[in-house]
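Per our numbering, the sequence shown starts with residue -2, numbered consecutively.
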Amino acid sequence: MSEAGRAGQARRTGRTVRLTMAQALVRFLTRQRSARDGREQPFIGGMFGIFGHGNVAGIGQALQEHRHEIRYYLPRNEQAMVHTAAAYAKTHNRLRTLACTSSIGPGATNMISGAAAATINRIPVLLLPGDIFAGRRPAPVLQQLESSASQDVSVNDCFKPISRYWDRIQRPEQIVTALPEAMRVLTSPAETGAVTLALPQDVQTEAYDYPAALFEPRVWTIARARADRDRLREAAALVRASRRPLIVAGGGVIYSEATAALRALVDATGMPVGETQAGKGALPEPHALAAGGVGATGTLAANVLARGADLVIVVGSRLSDFTTASKTAFQHADVRFISINVSELDAGKHAAVPLVGDARVVLEELSELVAGYHVGADYAETIAQLTTAWRAEVDRVCAARLKGSRSSESAGAARVSPASDLLTQAEVIGVLQATLTPNDTIVCAAGSLPGDLHKLWRATDPKAYHLEYGYSCMGYEIAGGLGVKMAAPERGVYVLVGDGSYLMMAQEIATAVQERLAVTIVVFDNQGYASIGGLSASVGSGGFGTRYRQRNPDSGELDGDLLTVDFVANAASMGARACRADTLEALRSALAGANQNAGVSVIVVPVDREARVAGYESWWDVPVAAVSTMTGVQQARTAFEAARQRERDFL
Ligand SMILES: Cc1ncc(C[n+]2csc(CCOP(=O)(O)OP(=O)(O)O)c2C)c(N)n1
Ligand SMILES: [Mg+2]
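And the structure:
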């Protein structure tokens, strides 16, 4: 009998299967598939988990029993495994993800940062934290949070605001209704994020006669929603009337696989494109109308175009403060916005004409409605000048040992410590750019690298640039690199990580070695938090608390000897092939060596902390102390109050 025939029979006969709740949950997951544009794939690519008393006998036992149907992965930290799952899902354009099981208590709460990162970035991850006994008799169990006001509280309640769906399974039969809801949210482009099913440790092991129909293969079709026709016409009229339009491309373009549709619109109309961090690669370079990153960490080309734009067409972006330069990026007095987004929340921002729908089909329909429109010759000339000048500026910043005075902070000038022989971060980026191919992916998340990469990196493929910059979570980088490699084994994966992020979460190197994942990790060692050091200086605090130095017995402060960490030894101790590169030649040869290595390669590059890539006519709202005895702070406050005047309301 066919699969469908058997399923139909099961429904008619009311056949049941006796399983523990955990076994039923795992079995259900193995049967779920997603489909878009007629392409179908298993939705859950495996399950990561660290076992403790909260899941070892439940989900752990179920995973062992179903190990030939679902692959189990052993990570080293629960936060990291959620990042890995999110990176995997992002690489798969949200059509697949990984599940994560944890014990109760600290194992569960370790997943909190990962959950928040996934939800903020609108990336599906399925989290299965163990929970305290539903039966309560042995309470308080090891690691249980107690409340004098309620016994219906556990640390897993912390997941509620950071989950797009949250449920606690108090009885085994509840998964019959909870699991389809979990899948609906995970596969909804508009609602997706972390889905948390808190699983009390006793309930995981309880048996129930589950309807066999629960385990029938199920395909979740990811629809391409179309925007309202009248709103589309309104938007088209705005485009036709506009003289200086700009497209802001976000992650939604890539998730929707709308890059060809975007390119078609751009080629037909001559409209330039600025990209967000998640959207970088939406219009792969080289392209004459690619203005690069836009906003606080944007390029001079994109930011000048944004400033003068009379129409901004936002596609698949949530318009965070980095994209809008804290609402200072768009200064045209009558600027209007069109926002194409699956989420109503995003589509309505900046009083935009909301085109609520899938990026690809909405872009295609908008293209039809604006057929014949093209930007004027003078605007086309401006765009060409700006993008050409920007490409030259990138080459200059990346190629040269920039020598200059620290005080030189005009647009385009990098501040460099003249005495330093250290490489600059931009030079290292330049070598990576010259070495990597369109089939390679760089992975990054926090520190000064994201800003530099947003400006300097030329993404030549929609999957070339993987930045987690919604949560900018230190520690995502290496864990995320694993997820990218698992999702796209055919790609070269290069994790770019600061020494601070490395020290926060490098242990997944051991997991990568275990899984034989060939990833290359480039550690930018500038002895501390250079990005926040720069930010601290800009708010008048001179880098307080951002350098790795020993406590000085004389001053009592952290201004003693430099603290050096042997990153090469650290990475090698976990099984990576590690080396240090102090020169560009050494870096090139280390990258060539890594290319030949079937395992994990780590290249440690000491870089000049002070040699920063400047901002390009942009700003980020970080409030400065309103009163202080420190003159630096007072000056910074005055500058801040002036800069804040440029912030706008779009109502
Ligand atoms: C988990 C987490 N904690 C704190 C921060 C705030 N933060 C942003 S960048 C940064 C320093 C990163 O240091 P490093 O990785 O060495 O990069 P660098 O700034 O030196 O380029 C800090 C502390 C963060 N983004 N994430
Ligand atoms: Mg650093």
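For every residue, glycine included, the Cβ atom is placed at its ideal position computed from N, Cα and C.
Secondary structure at T457: coil, using DSSP grouped into helix, strand and coil. Comparing C-alpha distances from Y205 to each of V359, T256 and I172 shows the shortest one belongs to I172. Taking the Cα positions, R548 is about 11 Å away from G542. The DSSP assignment places 162 to 165 as complete runs of the beta strand (DSSP E) inside the segment 136 to 182, in order along the chain (cut-off: 3 residues). Residue list for ligand 1: A443, G444, S445, S469, M471, G495, D496, G497, S498, N523, Y526, A527, S528 and I529 (CB closer than 5 Å to any heavy atom, chain order). Cβ-Cβ distances below 8 Å link R133 to Q148 in the same chain, with the five nearest sequence neighbours on each side left out; the list follows chain order. Here E487 is exposed, its C-beta having fewer than 16 other C-beta atoms within 10 Å. Per the C-alpha coordinates, the member of T628, Q38 and V602 positioned closest to A86 is Q38. In terms of Cβ geometry, V516 and V492 form a close pair [threshold 8 Å]. Looking at the DSSP output, T517 sits in a beta bridge with Y491 and S598.
Residues G278, P281, P435 and N436 of the same chain have their beta carbon placed closer than 8 Å to that of D458, with the five preceding and five following residues left out of the count. If you ignore the 5 residues before and after P137, its C-beta comes within less than 7 Å of the C-beta of E143, all in its own chain and listed in chain order. DSSP, read as helix, strand or coil, puts G629 in helix. The Cβ-Cβ distance between L559 and R577 does not fall below 8 Å.
Excluding residues up to 5 positions away in sequence, R241, R304, G305, A306 and D307 lie with their Cβ nearer than 8 Å to the Cβ of H329 in the same chain. By the Cβ criterion, the segment 69 to 78 is not in contact with the segment 208 to 225, since fewer than three pairs of Cβ atoms, one from each stretch, lie closer than 8 Å.
Put simply, the segment 256 to 263 does not touch the segment 318 to 337. Fewer than three CB pairs are less than 8 Å apart. With respect to the C-alpha of E362, the residue from L176, E231 and R585 having the closest C-alpha is E231.
Counting every other CB atom within 10 Å of its CB across the protein chains shown gives L243 a total of 16 or more, marking it as buried. In the three-state DSSP reduction, N338 falls in the strand class (E or B).
Across the set R24, A238 and I117, the C-alpha of R24 shows the shortest separation from the C-alpha of A210.
Using a C-beta cut-off of 8 Å, the segment 498 to 508 makes contact with the segment 72 to 83, since at least three inter-stretch Cβ pairs fall below that distance. Taking a 10 Å sphere around the C-beta of H347, we find 16 or more other C-beta atoms and assign the residue as buried. By a beta-carbon distance limit of 8 Å, A113 contacts I159. Their separation comes to about 4 Å. Its Cα nearest to that of E170, the residue A21 stands out among M268, A21, M471 and D392. Annotation for M44: the continuous beta strand (DSSP E) segment containing it runs I41 to G46. The C-beta separation of V562 from Q422 comes to about 18 Å, leaving the pair out of contact by the 8 Å criterion. Under DSSP, G127 shares a beta bridge with L196. Minimum Cα-Cα distance from G489 among the listed residues L433, I109 and Q524 corresponds to L433.
Leaving aside the five residues that flank A246 on each side, the residues in its chain whose CB is nearer than 8 Å to its CB run, in chain order, L259, V270, G271, E272, T273, G276, A279, L280, V312, G313 and S314. Beta bridge pairing from DSSP links S99 with P126.
Comparing alpha carbon positions, the residue from F647, A623, D646 and T628 closest to F637 is A623.
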